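> Numbering follows the numbering used here, with no gaps: position 155 of the sequence shown is 155. All residues carry an ideal CB built from backbone N, CA and C; glycine is no exception. Since we're looking at a predicted model, the values are computed, not measured. First the structure, then my questions, so here it is.
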Amino acid sequence: MTTLTRPYQPRQPWWQRLLPIPVMDRYIISELLPTFLFGVGAFTSIGVSVDSLFYLVNQVVEKGLPIAKAIEVLLLKFPEFIVYGLPMATLLSTLMTFGRLSSDSELVALRGCGISTQRLMLPALIFCLLITGLMFAFNESIVPAANLRASTTLRAALNQEQVEYRESNILYQEFQQVQQPDGSRESALARIFYSKEFDGKRMRGLTILDFSREGLNQIVSAESAQWNPQQSAWDFENGTIYVVSPDGSFRNIVRFTEQQLALPRSPLDLAQRSKDYGEMNIAESREYLKIIEPAGNLGKIRELRVRIQQKISLPFVCVVFGLVGATLGSQLRRAGRATGFALSILIIFAYYILYFIFGAIAQAGALPPVLGAWIPNLFGLAAGLLLMVRASR
């Protein structure tokens, strides 16, 4: 009696049973991952060293910054440079991986099996798309909080900590749409709100110029004022209201000890907004944009709009770099690691030159913010598609 035995089949991991991945895709991703992790570590370390390490060492030597606080600030700066390192590592890993597969004739063998160039690059693009999502989430949830904590920790360690929200020389301009005789509407200055100092609760040394009423201008000068959330108005103390006629003469002068005026809350929001661009996520940046838009400061408004679009566009450069790296690497027959690394640096340098140039052009108003932020990605995507067409031939 003979017994039939089944050939031994290794048991697949649970994640492969839930999400079956073809062997070729698993192989390419396994080749990408080590180089990608190396690139993240290398580029992050270089960025932190150039930007923060030397500065913190200088603060330790010259200003007596405690070493423990310097290390804490240095660690808090890592998330920001990890975000910058992810696209660079993506380019490096795809370029070197597909360059190695090409030099070892593995791509030729796969193409000989009837696999197209586009199908060979599919796992790399999916890998880059996952990195894009990771970068976007990281840049929104971790980086702003880490940057804010780093700046707060550094100021406190150097005895530069100030009262929360303490600001001076707060100037807020409010504009409104005015209908012209021909029926068109133009933006005109409605109010100028100035305060010498804000301590977190009360503004002091205030001067308000009000042009919002046609034919009647007001000048309000007060010792202090505080926002009243119940009445949605400002409570002024110890001041004077000057009512000015259209011909420039004073129509009325009113002195007061306490006076409530229905002025917008926006100056308070502007004074409380002490974060830098790198310390705000997209939602916070859009809230800040709503605060500064009525002031009519076009330069600052355009800059913030460009920064918001760049926060959205920058993660997608991982896909662009992945496409460029994979297509370019597949055409490098005998390129070594040094060549791949040098090409990565050159492409990264070219991209960031375009990134800063078009960002500056958009901030100057010559381009819409969306185009200023996305044109570098579009250039990279076009280059990657051209390289793919060339590689498929």
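1. How many angstroms separate the CA atom of E31 from the CA atom of I357?
2. Can you tell me the Cβ-Cβ gap for M96 and F43, rounded? I've got them flagged as a contact below 8 Å.
3. Hey, L65 and N147: beta-carbon distance below 9 Å or not?
4. Quick test of the definition: if touching needs 3 or more C-beta pairs under 8 Å, does the region 302-313 touch the region 50-63?
5. Let me know the secondary structure DSSP gives E174 once reduced to three states.
6. So, under 8 Å CB-CB, G380 and V320 are touching, yes? Tell me the CB distance rounded to an integer number of Å.
7. I want to know whether the region 116-133 touches the region 251-263 - three or more CB-CB distances under 8 Å.
8. What does the alpha-carbon distance come out to for the pair D210 and Q260?
9. Per DSSP, what kind of secondary structure is L332 in: helix, strand or coil?
10. Can you name, in chain order, every residue of its own chain whose Cβ lies under 8 Å from the Cβ of R202, other than the five neighbours on each side?
11. Between the C-alpha atoms of M280 and P144, what's the straight-line distance to the nearest angstrom?
12. Any idea which residues DSSP pairs E237 with across the strands?
13. If I measure Cβ to Cβ from F341 and keep anything under 8 Å in the same chain, skipping five residues before and after, which residues do I get?
14. Specify the secondary structure class of Q218 as computed by DSSP and reduced to three states.
15. Quick one: grab the DSSP three-state call for S168.
By the coordinates alone:
1. Each residue's Cα considered, the two are about 35 Å apart.
2. About 14 Å separates the CB atoms of M96 and F43; that is not less than 8 Å, and the two are not in contact.
3. Here L65 is not near N147, since their CB atoms are 9 Å or more apart.
4. Under the Cβ criterion (8 Å, minimum of three pairs), the region 302-313 does not count as touching the region 50-63.
5. DSSP places E174 in strand when its eight states are reduced to three.
6. Yes, they are in contact, since the Cβ atoms of G380 and V320 sit about 4 Å apart, within 8 Å.
7. Segment contact: the region 116-133 against the region 251-263, fewer than three CB-CB distances shorter than 8 Å; contact not assigned.
8. Taking the straight line from one Cα to the other gives about 15 Å.
9. Reduced to three states, the DSSP call for L332 is coil.
10. Excluding sequence neighbours, R202 sits near S224, A225 and Q226.
11. Each residue's Cα considered, the two are about 5 Å apart.
12. Checking the DSSP bridge columns, you'll see E237 partnered with S224 and E258.
13. The residues are L92 and M96.
14. Collapsing the DSSP output to three states places Q218 in a strand.
15. Residue state for S168 is assigned as strand, using DSSP reduced to three classes.
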